[in-house]
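In our numbering, the protein residues as written are 415 to 809.
A quick write-up on the structure given underneath.
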Ligand code: MLT
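Okay, structure coming up:
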């Protein structure tokens, strides 16, 4: 008899951002939506940069012509783009990646969840709390055993003392939602222990382009020997504002083996069977940015979001709502304490009902996020300033 995957019954009712979207819809159906300021989901608000839209135009011309038309792309993406990614994102850091290790995809959210297919079930997976909820949800769906750690320092201590035994370790640096970054020293220790204890690291660097501190690694492959133990996930959603057109990539090094089986070849097999490759238009959009040396256009937008984040950060710091006094802005998110020890969802409705501001309840990112709240710096400058103005004398 057919049965459902009952692991799904262990999930929270709603995916965090789906719940926020439905609360937003409910609110709009009853109120004047024009005044609503949405600083919840990390979604970009600036249009695509010129060199990207020119790339789409070029792709359109190629696809409109019988001589240059192409059908399905290779399932791991086109070589013309792989070459640019390798030369621009890795080569300058002395990291050598070959094209077979690079899988261009539509979304790192899908890759970081679907990759679990190639591993056995009942794995022990370590995930930081708080963190991007996709890691937890996809491992609950897969029926894996999740162990949580509160901080990178605590994780390292537990590894040092052999208190935990893991198969997969998820790292997100800069962390979504807290913005915390992993130092080179700590990353070196984590890679060293991965060699010693045979776990694989999933390194999500979706927000690497927002790092402001010079000494913080952008890629895990900046650490010696990381290519034996780490898979890296990157996205163009935030870096290039591609949330509407979708594009990402995953590096699965050829060195990683489990019981003499190449993880790269299994991932390739998964991709060939379950995926028909990324959109040519999206690939060409970012290809044109690289090819015409227009990465600075992306950084102009990234700096705009960073400025928004700094405005929010300074405001909430002045209100005493930032936990970690030493933290600096390295991500497009601001992580604050709620006021009067309100729980995260109460604070969500408090801000919505009284100030028409949407944010993301911290508890959606894990138990440790309770009593906290996340604002995104991806709003418009106008809305960011308006939100600060509305809250100025009220918190
Ligand atoms: C976020 O707001 O955390 C992310 O943008 C959501 C996502 O990437 O799925």
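Each residue gets a CB set at the ideal place from its N, CA and C atoms; glycine is no exception.
*Alpha carbon to alpha carbon, how far is residue 716 from residue 746? Give it in angstroms, no decimals.*
9 Å
*Run through DSSP, which three-state label would residue 510 get?*
coil
_residue 523 beta carbon near ligand 1 (any heavy atom closer than 7 Å)_ = yes
_Could you check whether the Cβ of residue 606 sits closer than 8 Å to any Cβ belonging to chain B?_
Judged by its chain identifiers, the structure shown contains no chain B, having just a single protein chain.
_With H, G and I counted as helix, E and B as strand and the rest as coil, what does DSSP make of residue 542?_
strand
*asked:* Suppose you measure from the CA of residue 787 to the CA of residue 728; what does that come to, to the nearest Å?
replied: 15 Å
_Need the endpoints of the alpha helix (DSSP H) that residue 645 sits in, please._
Residue 645 -> not in any alpha helix (DSSP H); beta strand (DSSP E) instead, spanning 644-649.
*residue 795 (DSSP reduced to helix, strand or coil)*: helix
*asked:* Am I right that residue 726 and residue 789 are in contact with their C-beta atoms under 8 Å? What's the rounded C-beta distance?
replied: 5 Å
*Touch test, the region 658-673 against the region 687-700, Cβ-Cβ under 8 Å, three pairs minimum*: yes
*Of the choices 656, 680, 759, 541, whose alpha-carbon is the least far from that of residue 531?*
680
*Could you tell me if residue 688 is buried or exposed, where buried requires 16 or more neighbouring beta carbons within 10 angstroms of its beta carbon?*
exposed
*Run the proximity test for residue 793: is its beta-carbon closer than 7 Å to any non-hydrogen atom belonging to ligand 1?*
no
_For residue 592, which residues in the same chain have their Cβ closer than 7 Å to its Cβ, ignoring the five residues on either side in sequence?_
544, 749
_Taking 8 Å as the cut-off, does the region 751-765 touch the region 590-608 (at least 3 CB pairs, one atom from each stretch)?_
no
*asked:* Does the beta-carbon of residue 456, which I'm using as the reference point, lie nearer than 7 Å to any heavy atom of ligand 1?
replied: yes
*Given a threshold of 16 other Cβ atoms within 10 Å of its Cβ, counted over all protein chains shown, does residue 614 qualify as buried or as exposed?*
buried
*Contact set for residue 548: own chain, Cβ-Cβ below 7 Å, skip 5 residues either direction*: 523, 526, 527
*Taking the alpha-carbon positions, what's the residue 449 to residue 769 distance?*
9 Å
_Segment contact, 8 Å Cβ cut-off, at least three pairs: the region 616-624 with the region 574-589_ = yes
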